[in-house]
Structures are given as C-alpha cells and as structure tokens.
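Okay, so here's the structure we're looking at.
There are 2 protein chains.
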Amino acid sequence: MLNYPAGHRPIRNTASERTTVNYGSRGMSLEERLNLSNEYYMTRQIAVIHKKPTPVQVVKVDYPKRSAARIVEAYYRHASTTDYNGVYKGYYIDFEAKETTNKTRFPLANLPQHQIEHMRQCAQQGGVVFLILSFKVHQIVFLLPFSKLENYLANPNRKSISIHFLEEHAYQCQLGLFPHIDYLKEVDKLLLSSNSERS
Amino acid sequence: MLNYPAGHRPIRNTASERTTVNYGSRGMSLEERLNLSNEYYMTRQIAVIHKKPTPVQVVKVDYPKRSAARIVEAYYRHASTTDYNGVYKGYYIDFEAKETTNKTRFPLANLPQHQIEHMRQCAQQGGVVFLILSFKVHQIVFLLPFSKLENYLANPNRKSISIHFLEEHAYQCQLGLFPHIDYLKEVDKLLLSSNSERS
Numbered sequence: 017m018l019n020y021p022a023g024h025r026p027i028r029n030t031a032s033e034r035t036t037v038n039y040g041s042r043g044m045s046l047e048e049r050l051n052l053s054n055e056y057y058m059t060r061q062i063a064v065i066h067k068k069p070t071p072v073q074v075v076k077v078d079y080p081k082r083s084a085a086r087i088v089e090a091y092y093r094h095a096s097t098t099d100y101n102g103v104y105k106g107y108y109i110d111f112e113a114k115e116t117t118n119k120t121r122f123p124l125a126n127l128p129q130h131q132i133e134h135m136r137q138c139a140q141q142g143g144v145v146f147l148i149l150s151f152k153v154h155q156i157v158f159l160l161p162f163s164k165l166e167n168y169l170a171n172p173n174r175k176s177i178s179i180h181f182l183e184e185h186a187y188q189c190q191l192g193l194f195p196h197i198d199y200l201k202e203v204d205k206l207l208l209s210s211n212s213e214r215s
Numbered sequence: 017m018l019n020y021p022a023g024h025r026p027i028r029n030t031a032s033e034r035t036t037v038n039y040g041s042r043g044m045s046l047e048e049r050l051n052l053s054n055e056y057y058m059t060r061q062i063a064v065i066h067k068k069p070t071p072v073q074v075v076k077v078d079y080p081k082r083s084a085a086r087i088v089e090a091y092y093r094h095a096s097t098t099d100y101n102g103v104y105k106g107y108y109i110d111f112e113a114k115e116t117t118n119k120t121r122f123p124l125a126n127l128p129q130h131q132i133e134h135m136r137q138c139a140q141q142g143g144v145v146f147l148i149l150s151f152k153v154h155q156i157v158f159l160l161p162f163s164k165l166e167n168y169l170a171n172p173n174r175k176s177i178s179i180h181f182l183e184e185h186a187y188q189c190q191l192g193l194f195p196h197i198d199y200l201k202e203v204d205k206l207l208l209s210s211n212s213e214r215s
C-alpha cells in the first residue's frame, strides 16, 4: 500500500479488466500504467502528477466504537474535472486518459462536455492540456494536445476520432517499463512546438 | 447542485460546523468559503482551481437492478497530496487550507509529513505552493508561502506557528463576498516578490 498514493488504485474496473484479453504490460489497465509512470516521474523528481480520487457522494456514515468511521451508503459521482493534474518544469499539466478496444476509431461518447469545458478553461489559463488515448488492441498510446482536439470538435458531427487523424496530429508515446508510458517526453515536444509557434 | 463541482460540498464536518459559534461569512466553513472563491475565480476566467475529492477506499458495492451502483462499505483515506490545486496565469497553484479556533498559535499537528513532502516536491517543480491558515476567532486568513514554512520547520522543535510569525512572514488575505477569500491577490504579491528575488 505504501507506494500507492491514496485513492490511486483502480477500484471499479478490476473485474472487467480481468476478463478481457490482455495485451502487453501484463494486462495492466491504462490507469495502473499511468499511475506507475507518475510514480516513476515523482521518485526521480521529474514531475509531480497525481490521479485525483474518484468523487463519491457519501450519504450515511456509521461510527463504530473504537474503530474508523464506516461509510455505509454512498454513490459514485461524475468528476467535474479531468482525472490527472500536476506540475512539470513549472508548467501546469492537466489531462484525461481513455482507453478503447476499437481498432480504427476513438469514440468520443465517453468524453463528457464538462470535461472538455474544464480542459478549455485550463488551456486558457496557460496550462498544458491534452488527452491520453490508448488503443488497447494495437498497444498504441497517443497524446492529443487539447488545441488539436478543439479544432477537431469544431465540427459538431464528429462522434469519434480516427486513428489516422491521431497518427497525423497526435504524439505517439513511447511504451516500456521505466516508465510504462513516457508521456512527458511527448509533452517536451509539444512545449517545443508551441514555443516555436509563439516566437 | 449544478454550480458545485463534484465532491466539493463538505460532507464530514457539517454537524460540527453547525454547533460551533459562527463568526463571519454566516458560519461557512473555510472549505465552503474557498470553494465559493474558486467558483468566483473560475466564472470570471481568473483561474481554474478545484478542491480534490476526499479519497475513499471502497470495499463493497451493490448493483441494484435499474439503479446506480451503491457503495455499501467504504472508509475515508488520508490524502497523499494537498487539497487544492489548479492553474493561474500559467502558474501551477497548490495549497492546503487549515482552520484553528486557537487565538494565538497555529498547531502543526494536523499538517502531516506527507503533505509537507508533497508541497516540497511541487515547489521544486516550480509550482506556487502555500498554506491558507484561518484563525476562526479573529476572522483572519493568512497565506503562508511554502518557502517560509520550510524555513520555520527547519527547527524540528516547532509544534505550532505563532500569529506574530504569520503577521511578519505571511500575507493576510482580504475577506469579503466577491470573492470570500481573495487569496489570489496575495499570490500576485508572492509572485512579484519571488520574481524580484530572482532578478
């Protein structure tokens, strides 16, 4: 437990993860791989990035004698923000991570409007904002900068992102063990490209 | 509900808040006042700062037919990070907020070591890191930069911070209604002073 920041172990998807066919990283979920990557970055003092706890609406709590408060009725809530944020080289980092078993397209249905709005607000404040999109079957993980996503979504008919669009407009993350998903390497490229656009 | 980001309404302290004597802001807790301040900053596109959800360790979930998953056994966990973070003018903002009913000193017992460590890591990455300390009885709210806290804690015998130390080394936040606690005004001063120290 000690190495896991509170609330960082995936709780809800464990059962479904176990029953799916495992490709790579010994069947770890995207969340687990990102948490381990963030741990790697943190212990090496490269960045401080955490997954936020899943928000829970607590309805009823029992206080048994001589033991910890026990929540006996609660419900999962929708997060109002993205799942991950933190600081890297002085930059504010903010991203959402999604995985699909689809082979050619990334469905946008599970990217709710309020998360897009949160990303827009963070980008306006000068944050480095992006999506991490994992194609489970191909073992490919893309980092899509929010600016590219926003352009793409300017056409309201778009319900998914093709892998070809991502190959052209997103950064492909290097996968390995140290770290599992080296997305900060792609953030470096993103920073370089946005700095050269500005100058 | 709509205006409240998920998990932002205080759940645990409501009963105790109601029984304490109320000074100012109609008895709102520090957390409520900060959440409203953050909402103010967000709607005016000044900053995007959120309180993180309280981490909960879920043990057992029921899935009733035709209704939402219901958590029937869960426990509160200690947060591994601070409670608040976000982005302001491109800066990564990270802080912890505490309130005391003590009149002369701020006890450090409820500032756990792992939170101090998290703040140190964020500061090393170039984040703007501080404590918000509220003296409930005096209705005074201080913003103590992490660098000052770190110097203070260099002496391991220190178990509390005197209000006199804070008057000298911290910034006093302006209190009002729009926003309730204008801590970003003090962040501006902090940024000015650290930029002039660097040049």
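Going line by line, the protein sequences match chains A and B. All residue numbers for the first sequence refer to the numbering used here, where the first residue is 17 and numbers rise by one. All residue numbers for the second sequence refer to the numbering used here, where the first residue is 17 and numbers rise by one. All C-beta atoms in this analysis are idealised placements derived from N, C-alpha and C, irrespective of residue type, glycine included.
query, result
"Cα separation between residue 199 of chain A and residue 189 of chain A?", "5 Å"
"Any beta-carbon of chain A closer than 8 Å to the one on residue 101 of chain B?", "yes"
"Under 8 Å, CB to CB, which of the residues in the stretch 155-180 of chain B have a partner in chain A?", "none"
"Please specify which runs of the alpha helix (DSSP H), each continuous and at least 4 residues long, are wholly inside the stretch 152-177 of chain B, giving them in chain order.", "162-169"
"In the DSSP assignment, what residue or residues form a beta bridge with residue 121 of chain A?", "A:178"
"Which residues does DSSP pair with residue 109 of chain A in a beta bridge?", "A:102 and A:144"
"Report buried or exposed for residue 137 of chain A, applying the criterion of at least 16 other Cβ atoms within 10 angstroms of its Cβ.", "buried"
"Listed in chain order, which residues of the stretch 39-69 of chain A have Cβ atoms closer than 8 Å to some Cβ of chain B?", "58, 61, 63, 64, 66, 68 and 69"
"Measuring only the C-alpha atoms, how far is residue 39 of chain B from residue 150 of chain B?", "Reliability fails at residue 39 of chain B, whose pLDDT of 44 lies under 50, so the model's placement of it is uncertain and the value that follows must be treated cautiously. Rounded to the nearest angstrom, the two C-alpha atoms are 12 Å apart."
"Please tell me whether residue 301 of chain B and residue 162 of chain B are closer than 8 Å, where the distance is taken between their beta carbons.", "This structure cannot settle anything about residue 301 of chain B, because the visible part of chain B is limited to 17 through 215."
"Using Cβ-Cβ distances below 7 Å, what residues of the stretch 113-131 of chain B are close to chain A?", "none"
"For the beta strand (DSSP E) that contains residue 82 of chain B, what are its first and last residues?", "Note, residue 82 of chain B: premise wrong, no beta strand (DSSP E); not H, not E."
"Return the residue from the list B:166, B:180 and B:84 that minimises the CA-CA distance to residue 91 of chain A.", "B:84"
"Measure the C-alpha to C-alpha separation of residue 166 of chain A and residue 142 of chain B and round it to an integer number of angstroms.", "28 Å"
"Under 9 Å between beta-carbons, which chain B residues line up against residue 82 of chain A? List them in chain order, please.", "Under the 9 Å cutoff, chain B gives no residues; its nearest Cβ is about 15 Å from residue 82 of chain A."
"Please check if any C-beta of chain B sits within less than 8 Å of the C-beta of residue 201 of chain A.", "no"
"Measuring CB to CB, does residue 175 of chain A end up less than 8 Å from residue 187 of chain A?", "no"
"At 9 Å on the CB atoms, spell out the chain A contacts of residue 148 of chain B, in chain order.", "The contacting residues do not exist; residue 148 of chain B stays about 18 Å from chain A at best."
"Using a threshold of 8 Å, state whether the C-beta atoms of residue 88 of chain B and residue 88 of chain A are closer than that.", "yes"
"Would residue 49 of chain A be called buried (16 or more neighbouring beta carbons within 10 Å of its own) or exposed?", "buried"
"Mind checking if residue 207 of chain B is an interface residue toward chain A, Cβ cutoff 8 Å exclusive?", "no"
"Would a check of beta-carbon distances place residue 192 of chain A closer than 8 Å to chain B?", "no"
"Run the CB neighbour count on residue 194 of chain A, radius 10 Å, all protein chains shown included, and call it buried at 16 or more, exposed below.", "exposed"
"Among B:93, B:77 and B:63, which has the Cα closest to the Cα of residue 104 of chain B?", "B:63"
"Determine the direct distance from the alpha carbon of residue 131 of chain A to that of residue 126 of chain B, and round the result to whole angstroms.", "33 Å"
"Assuming residue 66 of chain A is part of the beta strand (DSSP E), what are its boundary residues?", "64-67"
"Does the beta-carbon of residue 99 of chain A have 16 or more other beta-carbons within 10 angstroms, so that it is buried, or is it exposed?", "buried"
"So with Cβ pairs under 8 Å, would you call residue 186 of chain B a contact of chain A?", "no"
"When you compare only the Cα positions, how much space is there between residue 37 of chain A and residue 156 of chain A?", "Because residue 37 of chain A sits at a pLDDT of 41, beneath the cut-off of 50, its placement in the model cannot be relied upon, and the following sentence gives the value as read from the coordinates. Approximately 16 Å between the Cα atoms of the pair."
"Considering only residues of the same chain and omitting the five flanking positions on each side of residue 135 of chain B, which have a CB-CB separation below 6 Å?", "145 and 162"
"Would you say residue 105 of chain B reaches chain A, if we count a Cβ-Cβ gap shorter than 8 Å as a contact?", "yes"
"Please classify residue 133 of chain B: is it buried, with 16 or more other beta-carbons within 10 angstroms of its beta-carbon, or exposed?", "exposed"
"Using a 10 Å radius around the Cβ and a threshold of 16 neighbouring Cβ atoms, would you call residue 119 of chain B buried or exposed?", "exposed"
"Just the C-alpha distance for residue 152 of chain B and residue 148 of chain A, rounded to the nearest angstrom, thanks.", "43 Å"
"Closest to residue 180 of chain A by CA distance: which of A:158, A:68, A:93 and A:96 is it?", "A:158"
"Under a CB-based cut-off of 8 Å, is residue 87 of chain A close to chain B?", "yes"
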